[in-house]
Structure formats: C-alpha cells, structure tokens
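Undergrad:
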Amino acid sequence: MADINHFEYGWITPALSYALSVLGSVLGLVCAGRIRTARTARQRAWWGLLAAWALGGTAIWAMHFMAMLGFAVDGTRIRYDVPLTAASTAIAVVAVGIGLAIVGTGRLNPVRLIAGGVFTGAGVAAMHYTGMAAMRLNGSLNYDTLRVVLSVVIAVVAATVALWLAMTVRRGLAIFASALVMGVAVNGMHFTGMSALSVHLHERSDGVTGTGVSALLVPIILAVIFGVVGLLYALLAAPTDDDLAAAAYLDARRTPTPAPAAPTPAPDPVGLRARSTLGQPGTPFPSRRDTPARRDTPPR
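Per this note's numbering, residue 10 is the first one in the sequence shown, and the count goes up by one each step.
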C-alpha cells in the first residue's frame with residue numbers, strides 16, 4: 010500500500026479550495042435569490058443556469074480540483090483523463106441545476122426540498138468519484154465502503170441545506186454566513202471521500218497516460234476567472250428590486266389621466282333656454298323687418 014499525502018503543499022491548497030467554495034456559494038446564493046424575483050420563465054431559467062454554474066462549477070468542482078492539487082502518492086506520478094474530468098464538471102453543474110429546478114418551481118415544501126437535496130447530493134458525490142476515476146497512476150484505487158457512504162450522506166445533507174438557503178436567504182450578511190457554512194460542508198464531503206481512498210502500487214512500473222496537472226491548471230484557472238467575472242457582470246447589470254420598483258412607479262406616473270367630463274347644463278324646467286335667443290352669444294337682436302308681413306284678412 011502506497012503512502013498518500015493529501016496536503017503536499019501544506020495548507021495552501023485547502024485554504025484556496027475553501028475560498029473557492031465560499032466565493033461560488035456567495036455568487037450562487039445571490040443568483041438563486043434572483044430566481045424568486047424573476048417575472049418571466051426565461052428570466053428564471055437564466056438565473057437558474059447562472060446559479061447552477063456558480064454552485065456546481067465554482068463552489069463544488071473548482072474546489073474539488075484545487076484540493077486535488079495537493080494530492081500525491083509516493084512512488085507514482087498522477088495524470089488525468091481529460092474527457093472524464095470534463096464529465097465530472099458537467100455532472101456537478103447539471104445536478105445542481107436540476108436540484109434548483111425541483112425546489113424553485115412552485116411553493117417550497119419539505120417533499121420538494123428533500124427530493125432536490127437527494128438528487129443534488131447524489132450528483133455531487135457522482136462528480137467527486139468520477140473525478141477520482143479520471144486519475145491515472147501506476148496503481149489501483151480502493152475505497153473504504155463505510156467512509157464512502159458517509160461522504161454521500163454528507164453530500165446529501167449539504168446539498169439539502171444549500172438548496173434551502175438558496176430559496177430562503179436574501180440579506181447580504183446572511184448570504185455570506187450561509188456561504189461560510191456551505192464551504193465547510195463541501196470541503197468536509199471532499200476530504201471525507203478522500204480519506205476512504207487507498208492506493209496499491211503495481212509491481213511493474215508502466216507508463217502513466219493522461220494529462221498532467223500543470224497542463225490542466227491554466228485552462229481551469231482561466232475558466233474559473235472568466236466564469237466569476239461573467240457572474241459578477243450579470244449580477245451588476247441586472248436591475249435590483251429597488252430599480253424594478255422605481256420603474257413601476259414611473260410607468261404608473263406616465264399613464265395618461267382621463268379627460269374631465271363635460272359640465273352638465275343646469276335644469277330648464279319651463280323651456281326658457283330653448284325659446285330665448287337673447288341669451289345666446291352672437292345672436293342678432295330681432296327686428297320687425299325680419300318678421301314676415303301679416304296679411305289683413307278681408308272683413309266678412
């Protein structure tokens with residue numbers, strides 16, 4: 010059995026992995042909060058996609074890869090299978106996205122929350138062990154069943170709590186405190202799963218195929234940076250609740266007011282207004298000349 014070192018570079022990689030999980034959790038919780046205030050299905054889908062990328066891609070998968078930088082096995086090199094590594098990323102993002110869709114459609118209740126937490130937690134565990142299966146080294150990997158089950162349970166509980174926080178937390182300080190707790194849960198699940206691993210080296214030293222960590226590090230770091238910058242830009246460019254309220258107020262002010270009704274004329278019970286022409290403006294004064302000549306009737 011080979012000696013395993015989870016902290017080859019000391020506490021640098023665990024500290025960076027925790028920072029990534031907290032950063033992704035903060036962005037994911039803020040994006041998930043926008044799902045509740047979205048007015049259309051298209052907006053809800055957009056914010057759900059961003060939240061899934063922040064939580065699944067940054068808080069979970071990028072944290073996993075950063076922690077794996079400090080993983081080393083004495084007596085063998087470690088390489089990674091690129092397609093399986095990419096598949097682990099997709100699994101994390103899709104699992105979180107489906108979990109958000111389960112709890113974010115309709116009214117939040119315990120059944121939806123538990124279903125979303127179980128599905129998302131199972132997806133996070135699948136991401137972790139798919140990423141471990143992507144490792145290529147001169148040995149065979151073995152896992153302790155009890156610790157694997159414990160890591161899956163931690164993933165399910167952490168995912169359930171994360172989904173509940175995503176649907177309920179709205180204030181800035183509460184979001185930050187929740188992200189700190191989520192970072193602890195995500196890292197706890199990862200290192201619990203890593204503690205279940207043991208490596209048995211092969212007697213023959215065959216060549217290890219795959220891509221080295223240094224070749225994967227640059228594109229992954231660039232993807233994380235551009236992803237975080239894109240999430241921040243989307244959050245800053247989107248109107249806040251105060252902006253939407255102000256726009257609704259201005260729209261209400263721009264609505265044209267109805268024209269005042271014409272004044273009702275005063276009652277004229279004896280019909281004097283219809284008979285009189287003197288009271289009408291611009292009516293000429295009547296004259297005898299304007300009246301037709303009256304014929305005298307001959308006497309009988």
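Glycine residues also receive a C-beta, built at the ideal position from the N, C-alpha and C atoms.
Which of the three DSSP states, helix, strand or coil, is assigned to V227?
TA: One-based indexing of the sequence shown puts residue 227 at position 218. It is helical.
Undergrad: I'd like to know whether the C-beta atoms of I44 and G113 end up nearer to each other than 9 Å.
TA: Along the sequence shown, one-based indexing puts residue 44 at 35. Along the sequence shown, one-based indexing puts residue 113 at 104. Result yes, Cβ atoms of I44 and G113 sit closer than 9 Å.
Undergrad: From the DSSP output, which residues share a beta bridge with H209?
TA: Here residue 209 refers to the residue found at position 200 of the sequence shown. S149, per the DSSP bridge assignment.
Undergrad: Return helix, strand or coil for I87, following the three-state DSSP convention.
TA: As a first step, residue 87 must be located in the sequence shown, where it is residue number 78. In this structure, I87 counts as coil in the three-state DSSP scheme.
Undergrad: On a CA-only basis, which of H211, G192, R180 is nearest A68? Give me that one, please.
TA: On the sequence shown, position 59 is the one that residue 68 refers to. Selected option, being the one with the closest Cα: G192.
Undergrad: Assign R88 to one of two classes, buried (16 or more other C-beta atoms within 10 Å of its C-beta) or exposed (fewer than that).
TA: Locating residue 88 in the sequence shown gives position 79, counting from the first residue. Counting Cβ neighbours within 10 Å, R88 comes out buried, since at least 16 surround it.
Undergrad: Taking the Cβ atom as the reference point for each residue, do H209 and G130 lie within a distance shorter than 9 Å?
TA: For the purposes of this step, residue 209 is taken as the residue at position 200 of the sequence shown. For the purposes of this step, residue 130 is taken as the residue at position 121 of the sequence shown. Result no, Cβ atoms of H209 and G130 do not sit closer than 9 Å.
Undergrad: Can you give me the C-alpha to C-alpha distance between I229 and R262, rounded to a whole angstrom?
TA: Taking the sequence shown and counting its residues from 1, one reaches residue 229 at position 220. Taking the sequence shown and counting its residues from 1, one reaches residue 262 at position 253. Using only the alpha carbons, I get a separation of about 50 Å.
Undergrad: Between R116, S26, A167, A63, which has its C-alpha nearest A134's C-alpha?
TA: As a first step, residue 134 is located in the sequence shown; it is residue number 125 there, counting from the start. Checked all of R116, S26, A167, A63; the closest Cα to A134 is A167.
Undergrad: Buried or exposed: where does H199 fall if 16 or more other Cβ atoms within 10 Å of its Cβ makes it buried?
TA: Residue numbering aside, residue 199 sits at position 190 when the sequence shown is read from its first letter. Label assigned to H199: buried.
Undergrad: Rounded to whole angstroms, what's the CA-CA distance from T94 to A71? Just pull it up for me.
TA: Here residue 94 refers to the residue found at position 85 of the sequence shown. Here residue 71 refers to the residue found at position 62 of the sequence shown. Going from the Cα of T94 to the Cα of A71 covers about 11 Å.
Undergrad: Taking the continuous alpha helix (DSSP H) assigned at A134, which residues delimit it?
TA: Your numbering for residue 134 matches position 125 in the sequence shown. Start and end: 119-142.
Undergrad: Using 8 Å as the threshold, is the segment 16-30 in touch with the segment 181-196, meaning 3 or more CB pairs across them?
TA: yes
Undergrad: Within 10 angstroms of its Cβ, does G181 collect 16 or more other Cβ (buried), or is it exposed?
TA: Reading the sequence shown from its first residue, position 172 is the one you call residue 181. Burial call: exposed.
Undergrad: For L287, name the three-state secondary structure that DSSP assigns.
TA: By one-based count along the sequence shown, residue 287 stands at place 278. For L287, the predicted model reports a pLDDT of 49, less than 50, meaning its position is unreliable and no value from the coordinates is stated.
Undergrad: Please identify the residue among W20, A171, C40, G219 whose C-alpha is closest to the C-alpha of A246.
TA: If you number the sequence shown from 1, residue 246 lands on position 237. Answer by Cα proximity: C40.
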